[in-house]
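Keeping their order, the protein sequence lines are chains G and L. Under the UniProt record's numbering, the first sequence has 88 at position 88, and the numbering climbs by one with no breaks. Under the UniProt record's numbering, the second sequence has 286 at position 286, and the numbering climbs by one with no breaks. Heads up, the beta-carbon is just placed ideally off N, CA and C, and yes, glycines get one too. In this text, all values refer to a predicted model and were calculated from it rather than measured experimentally.
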Amino acid sequence: MSAPVLTTPAPDAVVPGRPTVGQRLTSFMPVIALVVLLAALTVADPGFLTLSSLTAAVRTSAPLVVLAAGATLVVLCGGIDLSIAALCSLATVFFALWLPDLGGLTTFAIIAATGAIGALQGVAHVLFRIPSFIVTLGGMSIFSAIALVISDAGPVRVVDRDATNWLTLYVGGVVPMAFVVALVLVAAVSLVLRLTPLESWIRATGYSESAARLAGAPVDRVKIAAFTVSGACAGLAAVMLVSRNFSGSPTMADNLLLPAVAAIVVGGTAITGGHGSLWRSLAGALVVTLLRVGLPIVGVPSAYEQILYGAIIVAAVALTLDRSKVLIIK
Amino acid sequence: MKFTSRHTAAVIGVTLAAATLTGCTEEAGGGGTAAAAGACDPADVTLVGQVRNESNPYEAAWLDGGDAFAEQVGLTQERLTYDGDSTRQQEQISQLLAGDTECLVMNVLPNGDSDTPPIVEGAEEAGAYLVTQWNKPADLNVTDYDSWLSHITYDGVESGKQIGDALAEAVGGSGGIIALQGILDTGAAKDRFAGLEESLAANPDVELLDDQTANFSRAEALEVTKTLLTKHGDDVKGIWAANDDMALGALEALQQAGRDDVAVVGIDAVPDALTAIEDGTMTATVSSDGPWQGGIGLAIGYCVATGELAVEDIAAEDRAWYAEQFLIEQDNVADFVSPETDEADFACDNLFSRSQGAMS
Chain G
1 MSAPVLTTPA PDAVVPGRPT VGQRLTSFMP VIALVVLLAA LTVADPGFLT
51 LSSLTAAVRT SAPLVVLAAG ATLVVLCGGI DLSIAALCSL ATVFFALWLP
101 DLGGLTTFAI IAATGAIGAL QGVAHVLFRI PSFIVTLGGM SIFSAIALVI
151 SDAGPVRVVD RDATNWLTLY VGGVVPMAFV VALVLVAAVS LVLRLTPLES
201 WIRATGYSES AARLAGAPVD RVKIAAFTVS GACAGLAAVM LVSRNFSGSP
251 TMADNLLLPA VAAIVVGGTA ITGGHGSLWR SLAGALVVTL LRVGLPIVGV
301 PSAYEQILYG AIIVAAVALT LDRSKVLIIK
Chain L
1 MKFTSRHTAA VIGVTLAAAT LTGCTEEAGG GGTAAAAGAC DPADVTLVGQ
51 VRNESNPYEA AWLDGGDAFA EQVGLTQERL TYDGDSTRQQ EQISQLLAGD
101 TECLVMNVLP NGDSDTPPIV EGAEEAGAYL VTQWNKPADL NVTDYDSWLS
151 HITYDGVESG KQIGDALAEA VGGSGGIIAL QGILDTGAAK DRFAGLEESL
201 AANPDVELLD DQTANFSRAE ALEVTKTLLT KHGDDVKGIW AANDDMALGA
251 LEALQQAGRD DVAVVGIDAV PDALTAIEDG TMTATVSSDG PWQGGIGLAI
301 GYCVATGELA VEDIAAEDRA WYAEQFLIEQ DNVADFVSPE TDEADFACDN
351 LFSRSQGAMS
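What follows is the structure, given as C-alpha cells:
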C-alpha cells in the first residue's frame, strides 16, 4: 500500500512563477551533495583533491553517466530499464567480435544495434502491455545469456585499439574525452527535449499516463523512443568500457546496473516518473562514482565501505528529492 | 533543477570551444612522473595490495602477508578488494594511479588474463612499480615494460604431479584411481591434469579408471564421485582432484557411501582441506603460500623503489617466473594451518629464491 502524501500541489508548480529560495536550494541539491561528498573525501585523505585524481574520477564516471542518462528517459516516462547493464556487457562482446571486420564503423554499428534492441523492448512493453520492469528483466537474462554463449563465457581481447583510441584522449590535457562525450550526450538530449514537445510529452506520460493519452500525447511512441535511446546509450557506454579495458567481456558492465539506478535516484529524479532531468543524473552518477572509487582509495576498510555506500545513497536521496513535485512515494 | 536552454547551450558551447581551441593530448595534465628508479626515501614508499575478496581465506592471508612485510619495513599496506569485478578493479587502479605515483608499489592479483594489460599500461604510464600474480596473457611480455617488475605464477604441471605422486604412495603404489578435472578450458585444469599423467607414467601400477570434469565445484564433485563410485565400486583406491573444493566434495561422497579406505588429494590448501588432512581423512594438497605472495610482490617493488635493486639487474628469467609450491601432508600440515611469513624471504638479495624457473 502506498500512502498518498498530501502536500499542497502548489499552484506555483503549474504557473511557473519565481521559485522560492527553498525550491532553488532543492534544485541544486545534487550538486551540493556532490560538493559535500568531495569535501568529506578530501578531509579523509587530503591527497584526494588533486587535478589528476579528479580527472581519473570523471574518466571512470563516463560510462556510468551515459548509462544513467539513457535510463533516466525511461524513468521519466514512469518505467524502468533493468536491461541496460546486461545490454552494455553484450555490446562489449559484440564490439570485440565485430571490430576485426568493421574497423572504425564498429562504434556506430554497436550503437545502432543496441538502439534497435532497446526499441524492441519498448515495442514489447507497449504492444503487449507488459510492465517495463518485466520486459527489461527478461531482456537482462536474455542479453547475459547471449553474451555468455557468443563469447564462450570468457573475455574477448581487443588488440586493434585504433577504433577506440580517440576516447582515451584528453581535451586540453585535462578533461577525458570519454567524459566530454558523456557531457555532450547529456547536453544534446536535454536540448532536443527542451526545443521539441518531447519534454512535455515525457513528463505528462510520467506524471499521469492516462491524462497524457487524453491530452493527445503520442504516449506509445514516446515510450518506444525512450527505450531506444536507453539502449543506444548502453551501446555507447560499452564502447567507453572497451576503450578502457582493451577487451569485451560478457559480465563487464553487469555490476553497473544498481549504480546506474542509484545515480538516477541520487540525482533527484523521481523513480515514479515525471519529475527529474538528465542533468540530475549526471550529478548523481558523479556522486556514485566518487563513492565507488573514493571510499577504498581514502582507506575505508572494505567491510565498512558497503555500509557507508548504502547509508550515503539513502541520505543523498533524502536531500535531493523534491517532495513538492512527487505526490506519491511507493 | 531548472536548466534553461541558455544554460544548456552555454555548456555545449564551452565544451566545443575547449575541444577545438586547446586540442587533445594523449595524457592527462600533471603526468609524466617517470620516477627516476631508486630515488625514493623508504619512508615515502606507498604499498598497495589488491585481491578479489577478503572473505576468501587464501586472499585474506595474502593481504595479511602484505601487512607483515609492510610492518617489517616500518610502513603500512593499503588493502584493496574488488569483489571479483573486473570493472571495479580497473576503476580502483586508475584512481590509485591518479594519485601520487612516484613511490607507489602495487602487488596485484588481476581478476583474469585480460584484465592484466590495462593495469600494466596504466602503471607504466604513471611510473608506479607493479608486480602481478597468477593471471597474464601469454603474449604479454614483462620485459617490454620498465615499471612492471615481475609476474609470479605457479606451475600447474608440477602441482598436479606432486599430488599424483602423493596419491600413488598412499595407495601403496598400485591400484585404481579416478580423477576429477577442473573447468576444461582453463590453463590450470589442463596443466594439472598433464601433471597427473606424468605421475601415472612414473607409477605404472597405478591405473586411471576414469576422469571426469567437476568444474572446480564442490557440489558437482559430490555428484560425479557418487556416480563413479557406483560404477567402479571397490576398484577405486584413490581420488585425484584438480582443486581442494572438488576433493572436499569427493570426501563427502565417500562418507555418504561409507568408504574410508580411499585416499583423496587436491590443490590450493583451503582451510577445510587442511583440517581434513589433520584428521587424516584427506591425503595431500598443495599450497602456493598466500602470505608469501602478499609480501613478495611488495618486497620486489620496495627494493626497486628504494634503489636496492635496479630493474635492469633483475634477470630476464625473474621477470616472469614460477614460484615454489609446497606439498602438504599429515606430517607437515601443522606448519600451514596458520602460515607466517619469514623476513628473510623478503630481503632484497633473496627475492627470487623461490623461483622454479622462468615461465615457459
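Thinking residue 148 of chain L and residue 291 of chain L are a contact (beta carbons under 8 Å), I'd like their distance in whole angstroms, please.
About 23 Å separates the two Cβ atoms, so there is no contact after all.
What does residue 215 of chain G touch in chain L if you count any residue whose Cβ is under 8 Å from its own?
Correct list: empty, because the minimum Cβ distance to chain L is about 22 Å.
Is residue 212 of chain L helix, strand or coil when you go by DSSP?
strand
Touching by the beta-carbon criterion (3+ pairs, under 8 Å), the stretch 192 to 206 of chain L and the stretch 154 to 167 of chain L:
yes
Shorter than 8 Å from the beta carbon of residue 241 of chain G to some beta carbon of chain L?
yes
Measuring CB to CB, does residue 262 of chain G end up less than 8 Å from residue 288 of chain G?
yes
Does the separation of the CB atoms of residue 179 of chain G and residue 58 of chain G fall below 8 Å?
yes
To the nearest whole angstrom, what separates the beta carbons of residue 122 of chain L and residue 97 of chain L, a pair I think is in contact under 8 Å?
5 Å
I need the boundaries of the alpha helix (DSSP H) containing residue 196 of chain G, first residue and last residue.
Segment: none, residue 196 of chain G is in no alpha helix (DSSP H) and carries neither H nor E.
Neighbour list for residue 47 of chain G in chain L, Cβ cutoff strictly below 9 Å
99 and 100
What does residue 256 of chain G touch in chain L if you count any residue whose Cβ is under 9 Å from its own?
87
Considering Cα atoms alone, identify which of G/95, G/108, G/185 and G/55 is closest to residue 242 of chain G.
G/95
Per-residue contacts from residue 174 of chain L into chain G (C-beta, under 7 Å)
Neighbours of residue 174 of chain L on chain G: none; closest Cβ ~40 Å, over 7 Å.
For residue 244 of chain G, would you say it is in contact with chain L, using Cβ-to-Cβ distances shorter than 8 Å as the test?
yes
Residue 204 of chain L versus residue 266 of chain L: straight-line alpha-carbon distance, rounded
21 Å
Give me, in chain order, the residues of the same chain whose beta-carbon lies closer than 6 Å to that of residue 199 of chain G; leave out the 5 immediate sequence neighbours on both sides.
193
In the structure shown, what three-state DSSP assignment does residue 157 of chain G receive?
strand
Top-ranked residue by Cα proximity to residue 119 of chain G, from G/279, G/74 and G/216
G/74
Figure out for me which residue from G/294, G/314, G/267 and G/305 has the closest Cα to the Cα of residue 99 of chain L.
G/294
Classify residue 331 of chain G as buried or exposed, calling it buried when 16 or more other Cβ atoms lie within 10 Å of its own Cβ.
One cannot answer for residue 331 of chain G here, as it falls past the ends of chain G, which runs 1 to 330.
According to a CB-to-CB cut-off of less than 8 Å, which residues of the stretch 292 to 314 of chain G neighbour chain L?
292, 293, 294, 296, 297, 299, 301, 302 and 303
Which chain G residues are close to residue 208 of chain L, counting only those with a beta carbon under 8 Å from its beta carbon?
Residues of chain G passing the Cβ test: none, with the nearest at roughly 28 Å.
So which of G/221, G/223 and G/205 has the shortest CA-CA distance to residue 215 of chain G?
G/205
Give the interface partners of residue 252 of chain G over in chain L, defined as CB-CB distance under 8 Å, in chain order.
86 and 87
Residue 244 of chain L versus L/231, L/359, L/233 and L/327, residue with shortest Cα-Cα distance
L/327
So which residues of chain L does residue 157 of chain G contact, with C-beta pairs closer than 9 Å?
113, 114, 117 and 137
Start and end of the alpha helix (DSSP H) containing residue 177 of chain L?
First-last for residue 177 of chain L: 175 to 181, but that is the beta strand (DSSP E), not the alpha helix (DSSP H).
Using a Cβ-Cβ distance cut-off of 8 Å, determine whether residue 132 of chain L contacts chain G.
no
Could you tell me which uninterrupted beta strand (DSSP E) segments, each at least 3 residues in length, are contained entirely in the stretch 132 to 170 of chain L, listed from first to last along the chain?
148 to 153
Could you tell me which chain G residues have their CB closer than 7 Å to the CB of residue 81 of chain L, listed as they occur along the chain?
302
Just list the residues that DSSP pairs residue 133 of chain G with in beta bridges.
Bridge partners of residue 133 of chain G: none, in fact.
Just verifying my parser: in three-state terms, what is the DSSP assignment at residue 330 of chain L?
coil
Cβ of residue 129 of chain G less than 8 Å from any chain L Cβ?
no
As an exercise, report each continuous alpha helix (DSSP H) stretch of at least 4 residues that is fully enclosed by the stretch 258 to 339 of chain L, in chain order.
271 to 279, 290 to 305 and 334 to 337
Count the CB pairs spanning the stretch 106 to 125 of chain L and the stretch 71 to 91 of chain G that are closer than 8 Å, and state whether there are at least three.
no
By a C-beta neighbour count over all protein chains shown, 10 Å radius and 16 as the cutoff for buried, is residue 307 of chain G buried or exposed?
exposed
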